[in-house]
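Some notes on the structure that comes next.
As structure tokens, then:
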């Protein structure tokens, strides 16, 4: 085998041919990680002299992920830490400005003016941005602002694409992970999705999965960055390699046990799970036991996972290994997992096996369906202008749509979660910034679009009011202590436990109420009427 | 507005709290961008003394994306340039090794030995890897190896996760883009997906979309890196901002036209497309014309896009702007686009409009459905050990599955595309490395799993043989000139044109034949029988 020269030297010979170099990566992942129209709009605001006018944008989603045969009844917020990290690094480097300077109009003239580029260089980053946000891990619902950006119009506009990209994806994956966790019924969930993930999006996906419900991930680098031990077993290729070298599955297992005597988790389906893999694994486990080690378990990756789990548990118990885990993988998702547990409960007694003794040792390795949010691979999160400062006064902005649900909830808002006397969340209430719903004897909760639908709640029907938005950035300064992933997980767990059982249901969940305060409802109606009147006049 | 201090200084105050710093990014995106089990398997091979045994792995997929109501009949290969770039940069840095050194077994002992870590530092990269691959842009089919990795067992194993991650995703997106291009029937396709993409996976998605069928992208940074002008219009927020400042939609359009007189493409649905947006756009276009500029067009983002396109074309024509484009966006995919064109053909005459005069000016802006491959967000690509060198002789490796389609095609293979007398691709033929199908009078094309299915072709029925795999790396040395994206697009276009119309069909396509040569078929049967016999003995 030739070992001359470092691999860098070799592969760099043709470096210029290669698609992307380190500087290209900084270009593609820095402040130009945006849609072109954000840049042209920013210049337009600059030319119109309104680029430093203070504006407020809300980030929210309109509908829960719908996976086809099943739907989410809540989402889990995630991505804020990643976004803040990106914002911290993003600024207009000289290379970025040189690129913009080189862009041409259709008529061949420079697209961007030097004065605007000078402004971008000096002020184009995010140091004047003020942000309120729902902390990561919280359960969140449609229409309630999750992130509220306030800042100069041009800067707030320039943030849109990267913000939506990073937050929408992590909310999507954290939500899927929460559902998978629900379905695991307390068993360990491992995120195994890298090979089917979206290039480097895999890392954001791993982070979101760990916030939303996965206990650990197989992703080595990202687990390290986030402070979690990465998890894994071995692949079929290991067994194949020993066989191709003239050995056997048993040889492969023995080699594995010798190297990893205290972490011996064997994949048993390379040849035949019941006739070869499990007997060989048990043989090796017995050898380990004689040497004073405790084997970890087996992994099943094909066939009828419920039936094979029962048989594996039975064989492992008979051999005196009741503590070994059974890791399941192969196209799992929340419905498949639920079905597997149900089938085990149904079928195990037929083989003289206590089903709970099978289920308690299960570990779920979930790949593709988690990391892609299979069934609904995008969250419909949007970022909308809701208010603009004019002569020192905030003017609420509205956008009317023929689809009433798409008409914006205008102005500067707060979001309060209301808990009922059982201590369960009963509604998220959107209020105007100056309102304090805790001061009202009677609360009117208006449906966001249907004027015939509202609820009245007396103050004493509400056990507590939780404000969901916290201040994160004040003019670019971080004024919020970023929590650990563990803390986010605790928040998620607590929030899910305080949902009504119907909202937690995996299929056809009950609809959680997101409501407008009477004052916000009134403002919205007034703005709709004004806009319609203005339109009718012209 | 406070402008004191650079944003870096401000946001860096709390730097340690933030989820990921630059070094973390290198950790998460470098050689540890892998599944943990690749590292533990590599150590096992090291301990067993087989880590430098030469091995061959095939990357291939088993099924075309199935979007539910429609299915792909072919895929477009993509991602190789990105993978080579990653391989060039990936190596075990001291930080990576320190992290591995700190990992512990369940018993609290170091998981990785110092000798193995020393080997990783020196030899753990990809400088001993030899690679053959199908160049990007080619049409590809299931079971045919797309990338063949040959190298020391441990290194080839360590490459698996990153290779699958990068290639699977780009093939998936390039395939979706090719379908969208087919449906565009020659009109321009713009990739608009960043806001719904998977964090930084957006950039790989943009690259794949440009290879597969998008003409341009809105992604500013990645377009720059790849040498394409980024495209875009403006958002609703621009119109909203002018209204909130006391102005009107017309004021917003005028401001836009003033800044971008030669690139004036106006979004006309913020208030009402037919009653406000289009009349205002036409007013501004007339003003531009008087100043000697040619307006670009309008964008429709809501409502019945087919009906509104007809009306927009009619109004623009009546005002003397027959050259203006009509950009459509809003949840487009290949089926929606097809339906819109069909509806225009059907409905336009009713309004006295020539449908082709509407369709020829359409431009499709495709976001979510392209960048997520909506309907099937993952390609099932796998990476399988097919051969291992033993005492200087290559031994083919097999893995048998109860699902016959999952039983590997063993050994070192070549892939030939056979063209019929019409010049259309008729089959991909997998041969053993030493075979040359051009030398055979009669070719037997065996179905990969069903022994009753085969075709016989006489040499003169085949107009040409195209070998699909080219040598890319020879022991880490790039021996292949990486083509430009434009070249990849030309390859894609040519390959798609040489598919049978039935294979190109968007819904329920005809199945393209991927076959085994008689020799490969014989080897596979022999290995299956040997494996079954060996298993029966034990």
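Chains as they are written, first to last, in my numbering: chain C, 6 to 543; chain G, 6 to 543. A virtual CB, placed ideally from N, CA and C, is assigned to each residue, including glycine.
For residue 377 (chain C), the chain G residues whose Cβ falls inside 7 Å of its Cβ are 382, 383, in order along the chain. Taking a beta-carbon distance threshold of 9 Å, residue 229 (chain G) counts as an interface residue toward chain C.
When DSSP reads this structure, residue 331 (chain G) sits in a beta bridge with G:303, G:367.
With fewer than 16 other beta carbons inside 10 angstroms of its own, residue 426 (chain C) counts as exposed. Pairwise C-beta distances place the region 209-220 of chain C out of contact with the region 350-361 of chain G, as fewer than three of them are shorter than 8 Å. Residue 424 (chain G) has a beta carbon lying at 9 Å or more from every beta carbon in chain C. Taking C-beta atoms under 8 Å as the contact rule, residue 163 (chain G) and residue 48 (chain G) fail to qualify, at a distance of about 11 Å. Residue-level contact check: residue 68 (chain G) does not touch chain C, since none of the beta carbons of chain C fall below 9 Å from its beta carbon. Rounded to the nearest angstrom, the gap between the Cα atoms of residue 144 (chain C) and residue 77 (chain C) is 11 Å. By the beta-carbon neighbour count (other beta carbons within 10 angstroms, threshold 16), residue 61 (chain C) is buried. DSSP lists G:109 as the beta-bridge partner residues of residue 115 (chain G). Per DSSP, the continuous beta strand (DSSP E) segment holding residue 196 (chain C) begins and ends at 193-196. Contact of residue 304 (chain G) with chain C by beta-carbon distance below 9 Å is absent, the smallest such distance being about 10 Å. With contacts defined as CB atoms closer than 9 Å, residue 268 (chain G) and residue 301 (chain G) qualify as a contacting pair. For residue 398 (chain C), DSSP records a beta bridge to C:395. Within the same chain, Cβ atoms closer than 6 Å to the Cβ of residue 282 (chain G) are found at 273, 274, the five residues on either side in sequence being excluded. The beta strand (DSSP E) runs lying completely inside the region 18-75 of chain G and spanning 3 residues or more are 59-65, given in chain order. In the structure shown, the three-state DSSP call for residue 250 (chain G) is coil. Beyond the five residues adjoining it in sequence on each side, residue 189 (chain C) comes within less than 7 Å, by CB distance, of 342, 369 in the same chain, given in chain order. For residue 42 (chain G), the nearest CB of chain C lies under 9 Å from its own CB, placing it at the interface with that chain.
Within the same chain, Cβ atoms closer than 7 Å to the Cβ of residue 476 (chain C) are found at 137, 484, 485, the five residues on either side in sequence being excluded. Around residue 308 (chain G), the beta-carbon contacts reaching into chain C at under 9 Å are 407. Neighbours of residue 235 (chain G) in chain C, taken as residues at a C-beta separation under 7 Å, are given in chain order as 41. Taken through DSSP and simplified to helix, strand or coil, residue 86 (chain G) comes out as helix. Residues of chain G with a Cβ closer than 9 Å to the Cβ of residue 267 (chain C) are, in chain order, 110, 111, 112, 113, 114. The beta carbon of residue 410 (chain C) sits closer than 6 Å to those of 454, all from its chain and outside the five residues before and after it, given in chain order.
The beta carbons of residue 287 (chain C) and residue 324 (chain C) sit closer together than 9 Å. Short of 6 Å from the beta carbon of residue 503 (chain C), and not among the five residues preceding or following it, lie these beta carbons of its own chain, in chain order: 429, 430. Around the Cβ of residue 99 (chain G), a 10 Å sphere holds fewer than 16 other Cβ atoms; the residue is exposed.
Following the DSSP letters along the chain, one finds residue 174 (chain C) in no beta strand (DSSP E) but inside the alpha helix (DSSP H) bounded by residues 158-189. By the criterion of a C-beta distance shorter than 7 Å, residue 469 (chain G) is surrounded in its chain by 424, once the five residues flanking it on both sides are discounted. The way I'd put it, the region 217-231 of chain C doesn't touch the region 221-228 of chain G; fewer than three beta-carbon pairs between them come closer than 8 Å. The beta-bridge partner set that DSSP reports for residue 242 (chain G) is empty. DSSP places residue 346 (chain C) within a helical segment (H, G or I) once states are collapsed to three. When secondary structure is reduced to three states using DSSP, residue 261 (chain G) falls in the helix class.
In the three-state DSSP reduction, residue 465 (chain G) falls in the helix class (H, G or I).
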